[in-house]
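Be aware that the sequence shown starts at 5, since it is given in this note's numbering, and climbs by one per residue. The beta carbon of each residue, even a glycine, is placed where N, CA and C say it ideally should be.
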Amino acid sequence: MSKKMRAFVCVLLSTVLMLSMNVWGGAIVSAEETAVQPRLSYTNYVDASLNISSSGTAYCVSDVEGYQGITTSIHIKMELQKYTVLWWSTQYTWEGSINGYYHALSKSRSVSNGKYRVKVTATVYSGSNSEEVEVTTKAKTYSG
(Lines of atoms letter the chains of each structure in order from A and count residues from 1; the text may use other names and numbers.)
(Lines give C-alpha, C1' and ligand atoms only; values in the text may rest on other atoms or scores of the structure.)
Protein backbone atom coordinates (compact mmCIF):
# COMPACT_ATOMS: atom_id res chain seq x y z
CA MET A 1 0.00 0.00 0.00
CA SER A 2 1.43 3.40 -0.93
CA LYS A 3 2.18 6.13 1.61
CA LYS A 4 -0.60 8.31 0.19
CA MET A 5 -3.14 5.49 0.51
CA ARG A 6 -2.07 4.73 4.11
CA ALA A 7 -2.34 8.41 5.02
CA PHE A 8 -5.81 8.60 3.43
CA VAL A 9 -7.02 5.49 5.32
CA CYS A 10 -5.58 6.86 8.57
CA VAL A 11 -7.36 10.21 8.14
CA LEU A 12 -10.60 8.48 7.16
CA LEU A 13 -10.57 6.17 10.18
CA SER A 14 -9.69 9.06 12.50
CA THR A 15 -12.61 11.08 11.17
CA VAL A 16 -15.03 8.18 11.59
CA LEU A 17 -13.81 7.63 15.15
CA MET A 18 -14.20 11.30 16.06
CA LEU A 19 -17.69 11.46 14.58
CA SER A 20 -18.80 8.29 16.36
CA MET A 21 -17.66 9.72 19.69
CA ASN A 22 -19.90 12.76 19.25
CA VAL A 23 -23.07 10.83 18.41
CA TRP A 24 -24.29 8.28 20.95
CA GLY A 25 -27.98 7.50 20.86
CA GLY A 26 -29.00 11.14 21.21
CA ALA A 27 -27.60 11.33 24.74
CA ILE A 28 -25.44 13.95 26.36
CA VAL A 29 -22.71 12.70 28.69
CA SER A 30 -21.86 15.32 31.28
CA ALA A 31 -18.48 16.04 32.79
CA GLU A 32 -19.64 14.35 35.96
CA GLU A 33 -18.80 10.71 36.41
CA THR A 34 -21.72 9.15 34.55
CA ALA A 35 -24.64 11.54 34.58
CA VAL A 36 -26.47 10.88 31.35
CA GLN A 37 -29.33 13.05 30.25
CA PRO A 38 -30.99 11.19 27.39
CA ARG A 39 -33.42 12.89 25.08
CA LEU A 40 -35.97 10.15 25.51
CA SER A 41 -39.74 10.02 25.83
CA TYR A 42 -40.10 8.70 29.39
CA THR A 43 -36.62 9.18 30.92
CA ASN A 44 -35.37 12.49 32.30
CA TYR A 45 -32.02 11.18 33.57
CA VAL A 46 -30.11 8.09 34.68
CA ASP A 47 -27.11 8.37 37.00
CA ALA A 48 -24.75 5.83 38.56
CA SER A 49 -21.87 6.15 40.99
CA LEU A 50 -19.25 3.95 42.61
CA ASN A 51 -17.13 4.73 45.64
CA ILE A 52 -14.75 2.29 47.31
CA SER A 53 -13.67 2.96 50.89
CA SER A 54 -10.16 2.39 52.18
CA SER A 55 -11.46 -0.71 53.99
CA GLY A 56 -12.68 -2.28 50.73
CA THR A 57 -16.41 -1.55 50.78
CA ALA A 58 -17.89 -0.67 47.39
CA TYR A 59 -20.83 1.74 47.57
CA CYS A 60 -23.00 1.49 44.46
CA VAL A 61 -25.79 4.00 43.77
CA SER A 62 -28.19 4.50 40.88
CA ASP A 63 -30.78 7.22 40.35
CA VAL A 64 -33.43 7.19 37.65
CA GLU A 65 -35.98 9.90 37.05
CA GLY A 66 -38.75 9.96 34.50
CA TYR A 67 -41.40 12.60 33.94
CA GLN A 68 -44.27 13.19 36.33
CA GLY A 69 -47.55 12.41 34.58
CA ILE A 70 -45.78 10.43 31.82
CA THR A 71 -43.57 7.82 33.49
CA THR A 72 -45.60 5.11 35.23
CA SER A 73 -42.90 2.76 36.57
CA ILE A 74 -39.16 2.16 36.64
CA HIS A 75 -37.07 -1.01 36.86
CA ILE A 76 -33.37 -0.80 37.76
CA LYS A 77 -30.77 -3.51 37.32
CA MET A 78 -27.46 -2.53 38.95
CA GLU A 79 -24.31 -4.64 38.52
CA LEU A 80 -20.98 -4.37 40.31
CA GLN A 81 -18.41 -5.55 37.77
CA LYS A 82 -14.74 -6.45 38.17
CA TYR A 83 -12.18 -6.32 35.38
CA THR A 84 -10.74 -9.80 34.86
CA VAL A 85 -7.96 -10.12 32.29
CA LEU A 86 -9.88 -9.25 29.11
CA TRP A 87 -13.45 -8.33 30.10
CA TRP A 88 -15.74 -7.06 32.83
CA SER A 89 -17.23 -9.83 34.95
CA THR A 90 -20.37 -9.23 37.01
CA GLN A 91 -19.70 -9.91 40.70
CA TYR A 92 -23.05 -8.84 42.19
CA THR A 93 -26.43 -7.88 40.75
CA TRP A 94 -29.26 -6.00 42.43
CA GLU A 95 -32.68 -5.17 40.99
CA GLY A 96 -35.57 -3.03 42.07
CA SER A 97 -38.84 -1.69 40.68
CA ILE A 98 -41.24 1.03 41.67
CA ASN A 99 -44.54 2.41 40.40
CA GLY A 100 -43.83 6.10 39.95
CA TYR A 101 -41.47 8.42 38.13
CA TYR A 102 -38.40 8.30 40.43
CA HIS A 103 -36.38 5.35 41.72
CA ALA A 104 -33.03 5.05 43.47
CA LEU A 105 -31.07 1.95 44.40
CA SER A 106 -28.18 1.99 46.86
CA LYS A 107 -26.15 -1.10 47.81
CA SER A 108 -22.77 -1.92 49.28
CA ARG A 109 -20.51 -4.95 49.16
CA SER A 110 -17.01 -5.85 50.32
CA VAL A 111 -14.52 -6.21 47.47
CA SER A 112 -11.05 -7.64 47.02
CA ASN A 113 -8.16 -5.99 45.19
CA GLY A 114 -8.96 -5.08 41.60
CA LYS A 115 -10.60 -2.67 39.20
CA TYR A 116 -14.37 -2.17 39.51
CA ARG A 117 -17.23 -0.34 37.85
CA VAL A 118 -21.02 -0.15 38.19
CA LYS A 119 -23.31 -0.80 35.24
CA VAL A 120 -26.95 0.31 35.49
CA THR A 121 -29.70 -0.73 33.12
CA ALA A 122 -32.90 1.25 33.64
CA THR A 123 -36.15 0.26 31.99
CA VAL A 124 -38.58 3.17 32.15
CA TYR A 125 -42.26 2.62 31.40
CA SER A 126 -45.19 4.72 30.31
CA GLY A 127 -48.09 2.31 30.48
CA SER A 128 -47.16 -0.68 28.29
CA ASN A 129 -44.48 1.28 26.39
CA SER A 130 -40.90 1.29 27.60
CA GLU A 131 -37.39 2.48 26.86
CA GLU A 132 -34.07 1.22 28.19
CA VAL A 133 -31.06 3.31 29.20
CA GLU A 134 -27.68 1.85 30.14
CA VAL A 135 -25.04 3.77 32.11
CA THR A 136 -21.59 2.64 33.28
CA THR A 137 -19.36 4.42 35.77
CA LYS A 138 -15.67 5.06 35.31
CA ALA A 139 -13.50 2.28 36.70
CA LYS A 140 -12.10 2.57 40.22
CA THR A 141 -9.22 0.49 41.56
CA TYR A 142 -9.03 -0.93 45.06
CA SER A 143 -5.77 -2.18 46.47
CA GLY A 144 -6.07 -2.92 50.17
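Per DSSP, the beta-bridge partners of G100 are I80. Considering only Y106, S134, S116, the residue with the shortest C-alpha distance to Q95 is S116. Looking from the CA of D51, the closest CA among A62, K144, V137 belongs to V137.
When only Cα atoms are considered, G73 and T140 end up about 28 Å apart. Distance from S110 to V68 at the Cβ level is roughly 12 Å; contact not present, criterion being Cβ atoms closer than 8 Å. Beta-bridge analysis with DSSP links I56 to A62.
In this structure, S134 and T125 do not form a Cβ contact; the two beta carbons are roughly 12 Å apart against a cut-off of 8 Å.
In this structure, the CA atom of S77 is about 20 Å from the CA atom of E83. Secondary-structure assignment with DSSP links A108 through a beta bridge to D67.
When secondary structure is reduced to three states using DSSP, G148 falls in the coil class, being assigned neither helix nor strand. For G118, the enclosing beta strand (DSSP E) has its first and last residue at 118-130. Taking C-beta separations shorter than 8 Å and ignoring five residues to either side along the sequence, the partners of T61 in its chain run S112, R113, S114, V115, following chain order. The C-alpha of S57 lies about 11 Å from the C-alpha of K144.
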